[in-house]
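This report refers to the structure that appears directly beneath it.
Numbering (my numbering), first residue to last: 1 to 463.
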């Protein structure tokens, strides 16, 4: 297959470009923003971030073999002595997106875009693993799902890849329209519309408005969208629009799921009905949300021509992403590390999982603030009370000013609830807690650094 390359005409097509030393410009095979990651025929793009400035590493990139560099035109006078081609632009971040857009048009890879309020990283990883049983697959690494990460993911995809599974994230209006227009997906999936990033997206309508641009871009390209029929907003907004493949646990859908049971330790047993045939899977990961993510992944994989036998081969290899319902078993307790992030839907699902695990008796929650919820924050924190009561939780330890509102709702209950105004106090308190015969959940928004409490619990278990 013909190698994907950028030539001088492509570079001139980047808006606002001026090229110095153009006669020295060879064809570009690779694009990098890291001066340490340079191969032959690499174009180095100098990005300026909050903590670094790629312009300070231009000479390192050239020393390491960069074929050409892209810089902000305001910095040109710093590089008068450079002989390699210099491409100047108004803003190198925008140029990164423009170059990725050109690269995308040269790819023959089938591109799947995934977004949603929760579950998108898990679906991305599950789906990529399924497709890799049959195809050469690239995927978004880590959480590189923003205006920088999406272009880099495209630029790391080449002519050998038959499928790209790309994750798109957002917390402000305008991010999905931008990244989706660069990704130009053939297929897209929105996992759900929930209460995430409400500080900026205002409400679920705002979340839908932002996420929906992924569907719109896909339909514009003549592609297919995968519709979660269980999500009332997705169902209402997109039913009978475009080329849809429906999936869900409720209603009549193209790919039907049913949770038949749970194992003693909370792993779901799921039945999938596809083309009037039933198939059963016992997942190696935990929680109802994992079953939903698995069903979504299967819907795409089946459309891609994967057989049930091929999908079954991948099930045993499925693992929870780090910090996302990562259930770790110890001799006398189970620790659920769900510290990557938190919103009301994912927190509710994690608490319900705790209630479902029967192998250990005591249920303990360690909860940090759910952030970016705007004016609804207090109400959404308080609303967790009923979920906790229904899950028969024994002890709740809260950290953060938002979680204090939840703590105050436990005055008239029998469970043990303690609130900590300072995280250092709770770190010290962990040493005195009895985790024997317990299921422990640690969850909170990313900036709450809840993973530090996970480390403290692990250290305690080894002492």
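Glycine included, C-beta positions come from ideal geometry on N, C-alpha and C. Source: prediction; values computed, not measured.
Could you tell me which residues DSSP pairs with residue i in its beta bridges?
{"i": "residue 190", "result": "115"}
{"i": "residue 440", "result": "335, 364"}
{"i": "residue 248", "result": "256"}
{"i": "residue 261", "result": "269"}
{"i": "residue 32", "result": "44"}
{"i": "residue 227", "result": "246"}
{"i": "residue 72", "result": "89"}
{"i": "residue 398", "result": "367, 419"}
{"i": "residue 137", "result": "163"}
{"i": "residue 6", "result": "28"}
{"i": "residue 106", "result": "For residue 106, which the question treats as bridged, DSSP gives no partner whatsoever."}
{"i": "residue 98", "result": "In the DSSP output, where bridge partners are listed per residue, residue 98 has none listed."}
{"i": "residue 53", "result": "48"}
In the DSSP assignment, find the unbroken beta strand (DSSP E) run with residue i in it and report its ends.
{"i": "residue 326", "result": "326-329"}
{"i": "residue 268", "result": "268-274"}
{"i": "residue 416", "result": "416-420"}
{"i": "residue 88", "result": "86-89"}
{"i": "residue 17", "result": "Segment: none, residue 17 is in no beta strand (DSSP E) and carries neither H nor E."}
{"i": "residue 386", "result": "No beta strand (DSSP E) holds residue 386; the alpha helix (DSSP H) holding it covers 384-390."}
{"i": "residue 205", "result": "Careful: residue 205 lies outside any beta strand (DSSP E), inside the alpha helix (DSSP H) at 204-220."}
{"i": "residue 165", "result": "163-167"}
{"i": "residue 281", "result": "277-282"}
According to the neighbour-count rule (16 or more other Cβ atoms, all chains shown, within 10 Å of its Cβ), is residue i buried or exposed?
{"i": "residue 160", "result": "exposed"}
{"i": "residue 104", "result": "buried"}
{"i": "residue 250", "result": "exposed"}
{"i": "residue 2", "result": "exposed"}
{"i": "residue 306", "result": "buried"}
{"i": "residue 378", "result": "exposed"}
{"i": "residue 407", "result": "buried"}
{"i": "residue 356", "result": "buried"}
{"i": "residue 238", "result": "buried"}
{"i": "residue 210", "result": "buried"}
{"i": "residue 412", "result": "exposed"}
{"i": "residue 390", "result": "exposed"}
{"i": "residue 118", "result": "buried"}
{"i": "residue 456", "result": "buried"}
{"i": "residue 77", "result": "exposed"}
{"i": "residue 220", "result": "exposed"}
{"i": "residue 248", "result": "buried"}
{"i": "residue 30", "result": "buried"}
{"i": "residue 126", "result": "buried"}
{"i": "residue 359", "result": "exposed"}
{"i": "residue 61", "result": "buried"}
{"i": "residue 261", "result": "exposed"}
Would residue i and residue j be called neighbours here (beta carbons separated by less than 8 Å)?
{"i": "residue 13", "j": "residue 27", "result": "no"}
{"i": "residue 345", "j": "residue 443", "result": "no"}
{"i": "residue 189", "j": "residue 301", "result": "no"}
{"i": "residue 122", "j": "residue 143", "result": "no"}
{"i": "residue 402", "j": "residue 369", "result": "yes"}
{"i": "residue 92", "j": "residue 70", "result": "yes"}
{"i": "residue 393", "j": "residue 415", "result": "yes"}
{"i": "residue 342", "j": "residue 287", "result": "no"}
{"i": "residue 245", "j": "residue 231", "result": "no"}
{"i": "residue 10", "j": "residue 102", "result": "yes"}
{"i": "residue 84", "j": "residue 67", "result": "yes"}
{"i": "residue 451", "j": "residue 323", "result": "yes"}
{"i": "residue 448", "j": "residue 374", "result": "no"}
{"i": "residue 109", "j": "residue 124", "result": "no"}
{"i": "residue 182", "j": "residue 148", "result": "no"}
Should residue i be flagged as near chain D, meaning a C-beta pair shorter than 8 Å?
{"i": "residue 327", "result": "Of the protein chains in the structure, only one exists, and it is not chain D."}
Looking at the secondary structure, which residues open and close the alpha helix (DSSP H) in which residue i lies?
{"i": "residue 445", "result": "Unbroken run through residue 445: none, as it is neither H nor E."}
{"i": "residue 354", "result": "344-356"}
{"i": "residue 237", "result": "232-238"}
{"i": "residue 296", "result": "288-303"}
{"i": "residue 149", "result": "149-155"}
{"i": "residue 132", "result": "No alpha helix (DSSP H) holds residue 132; DSSP gives it neither H nor E."}
{"i": "residue 310", "result": "308-315"}
{"i": "residue 457", "result": "451-462"}
{"i": "residue 405", "result": "403-407"}
{"i": "residue 372", "result": "First-last for residue 372: undefined, no H or E at that position."}
{"i": "residue 180", "result": "175-183"}
{"i": "residue 319", "result": "Neither: residue 319 is in no alpha helix (DSSP H) and is coded neither H nor E."}
{"i": "residue 62", "result": "58-63"}
Pop quiz: residue i and residue j are said to be a contact at Cβ under 8 Å. What is the actual Cβ separation, rounded to whole angstroms?
{"i": "residue 145", "j": "residue 169", "result": "4 Å"}
{"i": "residue 426", "j": "residue 420", "result": "4 Å"}
{"i": "residue 185", "j": "residue 217", "result": "6 Å"}
{"i": "residue 397", "j": "residue 365", "result": "7 Å"}
{"i": "residue 321", "j": "residue 290", "result": "11 Å between Cβ atoms; not a contact."}
{"i": "residue 213", "j": "residue 180", "result": "5 Å"}
{"i": "residue 16", "j": "residue 89", "result": "5 Å"}
{"i": "residue 272", "j": "residue 279", "result": "5 Å"}
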